[in-house]
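Participant: Have a look at this one.
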Amino acid sequence: MLRSFVKAAVLAAATAFCLPGAATAADPLKVAAVYTVPIEQQWVSRIHKALTAAKERGEIDYAYSESVANADYERVMREYAEKGNALVIGEVFGVEQAARRVAKDYPDTAFLMGSSFKPQAPNFSVFDNYIHEPSYLTGMIAGGMTKTAKIGLVGGYPIPEVNRLMNAFIAGAREVNPQASFTVSFIGSWFDPPKAKEAAFAMIERGVDVLYAERFGVSDAAKEKGVLAIGNVIDTQADYPQTVVASALWSMEPTIAKALEMVKAKTFKAEDYSVYSYMKHQGGALAPYGTFDDKIPADLKAKVEAKKQAILDGSFVVTVDDAEPKSSK
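So for the sequence shown, this note's numbering puts the first residue at 910; every next one is plus one.
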């Protein structure tokens, strides 16, 4: 089901985002991606979706490897560089040193990698999913929808790219519901739906009635137990129409568009692309309410909309807090 969802999203995006000055079908850029997890995984699915859309438009030749073990990551990166790919993309959490070593050995290849660390001159750029802004908005919704004032959060690992989203979510929930308490759990995996589901079940048994689904599997538990879930990175409401009340979306299209533009113009350099995940660049967004449009109280929706506009016009700034979130005492 997850793979079908990703394929459908890719096809829908193929004509949705146009890159100014994109390569023509006769002159596509060679682009490769190296993923440590399956392309169904939320984070990677967004990169894959944007790159496949560029391929469908004829801008790039796109090859990728998924579920690459950390021990094999450096080898696969080198193989793609040796094959003449102009741009190599991936997520290097856990393989930072190896990835940066490869970049040094191939200075004429552009590397754009998901990373918690800084760019490395001259050719190693980084990006991250800075969707803390829509995460704050989904937190507001969670705070307004909970009946027990008990909210649960299930994440993969307590690293900055997860922590900042959870902390923003908690801050948003507290704005609407100062009495809310939070239970936080990390499963120690980026893709283990059964483990995430069990962690969610344990929270529901303790009275949690809204769950932040940072990992796949959480919404399944919420559905089975009749509680609500908040989605992360992608919108899974179509699969959980009575469960997923809202989602913070991440779009990699702006990031990919900028990178392709720079590579094509031969001006690519070591930079931090994280800003292209912000709402003002359309890299982050609050998903449509869909099946919950008439279930969310009108006053709550008004508060969320006002906060959204404040974020976009700069009058409200969501704090970036990378510290590990803790359960309420």
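A virtual CB, placed ideally from N, CA and C, is assigned to each residue, including glycine.
Chain C beta carbons: is any one of them nearer than 7 Å to that of Lys964?
Facilitator: No chain C appears in the structure shown, which is made up of a single protein chain.
Participant: Pull up the DSSP beta-bridge partners for Glu1000, would you.
Facilitator: DSSP, once it has assigned bridges, lists Gly1023 as partnering Glu1000.
Participant: To the nearest angstrom, how far is it from the Cα of Phe1201 to the Cα of Val1119?
Facilitator: Looking at the two C-alpha atoms, the distance is approximately 14 Å.
Participant: What are the boundary residues of the alpha helix (DSSP H) that includes Gly1061?
Facilitator: Looking at the DSSP string, Gly1061 is not in any alpha helix (DSSP H); the run it does join, the beta strand (DSSP E), is 1059-1064.
Participant: Could you say which of Met1049, Leu1062, Glu1114 lies nearest to Arg1083 if we only look at CA atoms?
Facilitator: Met1049
Participant: Here's a check: name, in chain order, each residue in its chain whose Cβ is nearer than 7 Å to the Cβ of Val1071, leaving out the five neighbours to either side.
Facilitator: Gly1064, Gly1065, Glu1123
Participant: Rounded to the nearest angstrom, what separates Glu1000 and Tyr1182 at their Cα positions?
Facilitator: 13 Å
Participant: For the stretch 1017-1032 against the stretch 966-980, do three or more pairs of beta-carbon atoms, one drawn from each stretch, fall closer than 8 Å, so that the two count as touching?
Facilitator: no
Participant: Quick check: what's the CA-CA separation for Ala1219 versus Pro1197?
Facilitator: 18 Å
Participant: Any idea if Asn1141 is buried or exposed, counting beta-carbon neighbours within 10 angstroms, 16 or more meaning buried?
Facilitator: When all chains shown are included, Asn1141 counts as buried.
Participant: Within the continuous beta strand (DSSP E) that includes Gly1140, where are the two ends?
Facilitator: 1137-1142
Participant: From Glu983 to Tyr1015, what distance separates their C-alpha atoms?
Facilitator: Their Cα atoms are separated by approximately 12 Å.
Participant: Determine, using beta carbons only, whether Met1161 and Ala1008 come nearer to each other than 7 Å.
Facilitator: Going by C-beta atoms, Met1161 is not nearer than 7 Å to Ala1008.
Participant: Taking only runs of the beta strand (DSSP E) that begin and end inside the stretch 1189-1213, which ones reach a length of at least 3 residues, in chain order?
Facilitator: 1193-1195
Participant: Between which residues of its own chain and Met1188 is the CB-CB distance below 7 Å, once the five residues before and five after are set aside?
Facilitator: Glu1042, Pro1043, Ala1194, Ile1220, Leu1221
Participant: Taking 8 Å as the threshold, find out whether the stretch 990-1005 comes into contact with the stretch 1130-1148 through three or more Cβ pairs.
Facilitator: Under the three-pair Cβ rule at 8 Å, the stretch 990-1005 does not count as touching the stretch 1130-1148.
Participant: Mind checking who Ile969 pairs with in its DSSP beta bridge?
Facilitator: Leu938
Participant: Look at the alpha carbon of Tyr1149 and the alpha carbon of Phe1225, and state the distance between them as a whole number of angstroms.
Facilitator: 32 Å
Participant: Closest to Thr945 by CA distance: which of Thr1176, Ala980, Ser1094, Glu968 is it?
Facilitator: Ala980
Participant: Relative to the alpha-carbon of Lys1132, which residue among Ser954, Phe1110, Arg1115 has its alpha-carbon at the smallest distance?
Facilitator: The option with the nearest alpha carbon to Lys1132 is Phe1110.
Participant: Among Phe1026, Trp1159, Tyr989, Ile998, which has the Cα closest to the Cα of Gln1006?
Facilitator: Phe1026
Participant: Return yes when the Cβ of Gly1126 is within less than 7 Å of the Cβ of Lys1106, no when it is not.
Facilitator: Yes, the Cβ-Cβ distance between Lys1106 and Gly1126 is below 7 Å.
Participant: Helix, strand or coil for Trp1099? Go by DSSP, reduced to three states.
Facilitator: coil
Participant: I'd like the list of long-range same chain contacts for Val1229, defined as Cβ closer than 7 Å, with 5 residues on each side in sequence excluded.
Facilitator: His1041, Arg1073
Participant: Rounded to the nearest angstrom, how far is the Cβ of Pro1206 from that of Gly1053, given a contact under 8 Å?
Facilitator: 7 Å
Participant: Looking at the unbroken beta strand (DSSP E) that takes in Phe1036, where does it start and where does it end?
Facilitator: 1033-1036
Participant: Within 10 angstroms of its Cβ, does Lys1235 collect 16 or more other Cβ (buried), or is it exposed?
Facilitator: exposed
Participant: Counting along the chain, where does the alpha helix (DSSP H) carrying Val1085 start and finish?
Facilitator: 1069-1085
Participant: Straight-line CA distance for Ser1186 to Met1022?
Facilitator: For the pair Ser1186 and Met1022, the Cα-to-Cα distance works out to about 14 Å.
Participant: From the DSSP output, in three-state form, read off Gln1151 for me.
Facilitator: coil
Participant: Is the separation between the beta-carbon of Ile969 and that of Ala963 shorter than 7 Å?
Facilitator: yes
Participant: Can you look up Lys1231 in the DSSP assignment and give me helix, strand or coil?
Facilitator: Reading the sequence as shown, one finds Asp at residue 1231 and not Lys. Note: Asp1231 maps to coil in three-state DSSP.
Participant: What do you reckon, are the CB atoms on Ile1113 and Ala1089 nearer than 7 Å?
Facilitator: No.
Participant: Comparing alpha-carbon positions, which option in Lys1175, Ile1096, Val1154, Glu1170 lies nearest Asp1203?
Facilitator: For the residues Lys1175, Ile1096, Val1154, Glu1170, the minimum Cα distance to Asp1203 belongs to Val1154.
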